[in-house]
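All remarks here apply to the structure that follows.
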Amino acid sequence: MTASDKNLKNDTISPDQVQYWDQEHLIHPWSDLTDDPPEMTQISSADGIYLIDGHGNKLIDGPGGMWCVNIGYGRREMADAIADQVMKMTYSSPWFTTNETSALLGKKISDKAPGDLNNVFFTNGGSDAVDTALRFVQYRNNIMGRPQKKTILCREKGYHGSSYLAASVSGTGREHDRRFMDTHRDLVSMLPNINPYLRPKGTSLEEWCDAKIKDMEDRIISVGAENIGCFIAEPVLASGGVIIPPPGYHKRTRELCRKYDIVYISDEIVTAFGRMGHWFASEAVFGIQPDIITCAKGLTSGYVPMGAAIISDSLFKGFDHIDGSHPFTNGYTYSGHPVAARAALTNMEIMEREGIMEHVREISPYFQDRLRQIGDKYDIIGDARGMGLLGCLEGLASTSASEEARLRIDSHFGQMMDEACEKRGLLVRPIINMCVFSPPLIITRDEIDKLFDILEEAIIEVQNTI
Ligand SMILES: Cc1ncc(COP(=O)(O)O)c(C=O)c1O
Numbered sequence: 123m124t125a126s127d128k129n130l131k132n133d134t135i136s137p138d139q140v141q142y143w144d145q146e147h148l149i150h151p152w153s154d155l156t157d158d159p160p161e162m163t164q165i166s167s168a169d170g171i172y173l174i175d176g177h178g179n180k181l182i183d184g185p186g187g188m189w190c191v192n193i194g195y196g197r198r199e200m201a202d203a204i205a206d207q208v209m210k211m212t213y214s215s216p217w218f219t220t221n222e223t224s225a226l227l228g229k230k231i232s233d234k235a236p237g238d239l240n241n242v243f244f245t246n247g248g249s250d251a252v253d254t255a256l257r258f259v260q261y262r263n264n265i266m267g268r269p270q271k272k273t274i275l276c277r278e279k280g281y282h283g284s285s286y287l288a289a290s291v292s293g294t295g296r297e298h299d300r301r302f303m304d305t306h307r308d309l310v311s312m313l314p315n316i317n318p319y320l321r322p323k324g325t326s327l328e329e330w331c332d333a334k335i336k337d338m339e340d341r342i343i344s345v346g347a348e349n350i351g352c353f354i355a356e357p358v359l360a361s362g363g364v365i366i367p368p369p370g371y372h373k374r375t376r377e378l379c380r381k382y383d384i385v386y387i388s389d390e391i392v393t394a395f396g397r398m399g400h401w402f403a404s405e406a407v408f409g410i411q412p413d414i415i416t417c418a419k420g421l422t423s424g425y426v427p428m429g430a431a432i433i434s435d436s437l438f439k440g441f442d443h444i445d446g447s448h449p450f451t452n453g454y455t456y457s458g459h460p461v462a463a464r465a466a467l468t469n470m471e472i473m474e475r476e477g478i479m480e481h482v483r484e485i486s487p488y489f490q491d492r493l494r495q496i497g498d499k500y501d502i503i504g505d506a507r508g509m510g511l512l513g514c515l516e517g518l519a520s521t522s523a524s525e526e527a528r529l530r531i532d533s534h535f536g537q538m539m540d541e542a543c544e545k546r547g548l549l550v551r552p553i554i555n556m557c558v559f560s561p562p563l564i565i566t567r568d569e570i571d572k573l574f575d576i577l578e579e580a581i582i583e584v585q586n587t588i
């Protein structure tokens, strides 16, 4: 009998036992499978913006799950709606049937989405929403007699998911991915990093924007617009380190797509459903109407998995003149799953009733103020950037720092911040030399203070240990 079997007989399972099973039996995303599995923080319960770890410690959930728990944890109303739907009708095949819950959700999302984005394809999560959008563009060009129009324009530091195709158009983590994970590079044309923080000294934001637009137009010309199917872009590059494109960038990339007949896909998997104070950020925040929007995460606030690709009416123009059968052979057993759809509808009702969009618009300037103050105050912070309820701190070694200190900051600043924050009651998400945070949208001003007070204490500790 192994240690794990023995404890199965106990009513209560100890944190050590969970740790053991985890390390013996679970493979976590993005882990190094050649190493012994590391110990991970164990979460045993959650409420509001807080997580409780296996030892009973209360932690502010800085990352909001993975940018997803928008309405916060432990909502009885969500549990009741999900349970009710399970009892009423757990499942109906999206191939042969429809049902009230998913049809109503399709209508509700179309009502909230900008312009003529009225056609919703439901998925299990974000990666397959991205796959669906990209495959729809391929399908459309195939049936419209231009099968060569396939290249996907995407960007360094963009993240679009972990399916083969979504990973192929992602530019984050390429330092790891490129070496050990295959991707479909032939389909992809990757544009250089647009992060304004990287612009050479003396370059204005306007000049940086001009340069990035030129990069894109030059690429379109060199690949040939007749060979390019779409451009996929997050409004804010979240996993790449909360990169905010320079002002005007979105409108100008949108114009380029119109000029060259390239479908514009806005990947709003992080930014939709309130993160920027609006249902969708593309139009309300950045003034553009994409051809397709992908969403997931905040759609159900992480209570159950669900994603969607929302496609404009315009992209269907001309379809009715095409003779014969042309099935769009893309679909998932759980497309429009009634339980997930009910969770999404209830999540949206809660957001409306509680005025969560208005709350985010009201509270985020304060969040951003505190973030910027940190950037100004500590030498070790190279950049403190964010928008809405998204934030990132990027570490930077001073010019007088030793080689060793520089290396530690460049490769471990995020990890060091994570450890220093966690012991003070805050989880952040470490990304190499950065840490990012996107708390549940219900966070109050006092809780924002608490979050940033802990971040400041952690920065001081990290600064002193370098
Ligand atoms: C912008 C963006 N697109 C796509 C995805 C992939 O979503 P999922 O992990 O639900 O497949 C993510 C996940 O973080 C994301 O941030």
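Each position in the sequence shown, counted from 1, maps to that position plus 122 in this note's numbering. By construction, the Cβ of each residue, glycine as well, lies at the ideal position given by its N, Cα and C atoms. If you're wondering where the values come from, they're calculated on a predicted model, not measured in any experiment.
Cβ distance (whole Å) where residue i is taken to contact residue j below 8 Å
i      : j      : result
Gly420 : Cys190 : 6 Å
Leu493 : Gly513 : 5 Å
Asn179 : Pro562 : Actually they do not touch by this definition, with Cβ atoms about 18 Å apart.
Ala465 : Met200 : 6 Å
Leu309 : Thr273 : 7 Å
Glu579 : Leu181 : With a Cβ gap of about 15 Å, Glu579 and Leu181 do not count as contacting.
Gly194 : Ile564 : 5 Å
Ala506 : Leu515 : 5 Å
Closest Cα partner of residue i within the set the options
i      : options                        : result
Asn555 : Glu544, Ala527, Ile531         : Ile531
Tyr456 : Asp250, Glu377, Ile171         : Asp250
Ser326 : Lys229, Asn586, Ser292, Pro369 : Pro369
Ile316 : Ile433, Glu278, Gly477         : Glu278
Ile582 : Ala403, Thr566, Glu526, Ile503 : Ile503
Val385 : Arg551, Tyr454, Ile231, Ile432 : Ile432
Val291 : Asp389, Gln495, Ala333, Val364 : Asp389
Pro367 : Ala394, Glu578, Lys334, Cys352 : Lys334
Ser311 : Glu328, Ser284, Ala355         : Ala355
Lys229 : Ala430, Ile410, Asp540         : Ala430
Ile343 : Gly363, Leu275, Pro357, Ser285 : Leu275
Tyr261 : Glu329, Arg307, Phe441, Gly248 : Phe441
Ile165 : Glu526, Gly187, Ser533         : Gly187
Gly351 : Asp383, Pro322, His372         : Asp383
Met162 : Tyr172, Arg341, Leu148         : Leu148
Pro357 : Glu348, Ala403, Gly517         : Ala403
Ser447 : Ile265, Asp435, Ile391, Ile576 : Ile265
Tyr488 : His177, Phe243, Phe574, Arg257 : Phe574
Arg374 : Ile391, Tyr500, Cys331         : Cys331
Phe244 : Gln490, Val461, Cys557         : Val461
Residue environment, residue i, which counts as buried when at least 16 other CB atoms sit within 10 Å
i      : result
Ala463 : buried
Val584 : buried
Ser136 : exposed
Trp217 : exposed
Trp401 : buried
Ala205 : exposed
Phe450 : exposed
Phe559 : buried
Arg376 : buried
Met123 : In this prediction, Met123 scores a pLDDT of 42, lower than 50, which makes its location untrustworthy; no coordinate-derived value is stated.
Thr212 : exposed
Pro160 : exposed
Asp571 : exposed
Arg551 : buried
Ala225 : exposed
Gly477 : exposed
Beta-ladder partner(s) of residue i, from DSSP
i      : result
Glu484 : DSSP lists no partner for Glu484.
Tyr172 : Asp169, Ile182
Pro427 : Note: Pro427 sits in no beta bridge, so no partner.
Tyr286 : DSSP, once it has assigned bridges, lists no residue as partnering Tyr286.
Phe402 : Per DSSP, none; premise fails for Phe402.
Asn241 : Ile433
Cys352 : Ile274, Val385
Cys557 : Leu515, Pro552
Thr417 : The residue asked about is misnamed: residue 417 is Cys in this sequence, not Thr. Answer by DSSP bridge pairing, in chain order: Ala430.
Tyr195 : Gly170
Ile365 : Leu359
N-terminal and C-terminal residue of the alpha helix (DSSP H) that residue i is part of
i      : result
Thr393 : Premise fails: Thr393 is in no alpha helix (DSSP H) and is neither H nor E.
Thr223 : 222-234
Cys331 : 327-345
Lys587 : Reading off the sequence shown, one finds Thr at residue 587, where the question assumed Lys. Start and end: 567-587.
His534 : 525-544
Ser522 : Per DSSP, Ser522 belongs to no alpha helix (DSSP H) and is neither H nor E.
Ser249 : 248-265
His147 : 137-147
Pro460 : 460-475
First through last residue of the beta strand (DSSP E) which encompasses residue i
i      : result
Glu516 : 512-517
Leu313 : 310-313
Arg507 : 503-509
Can you tell me which residues fall inside 7 Å of ligand 3, judged by beta-carbon distance to its nearest heavy atom, and keep chain order? Although ligand 3 was asked about, the structure shown includes only ligand 1 as ligands.
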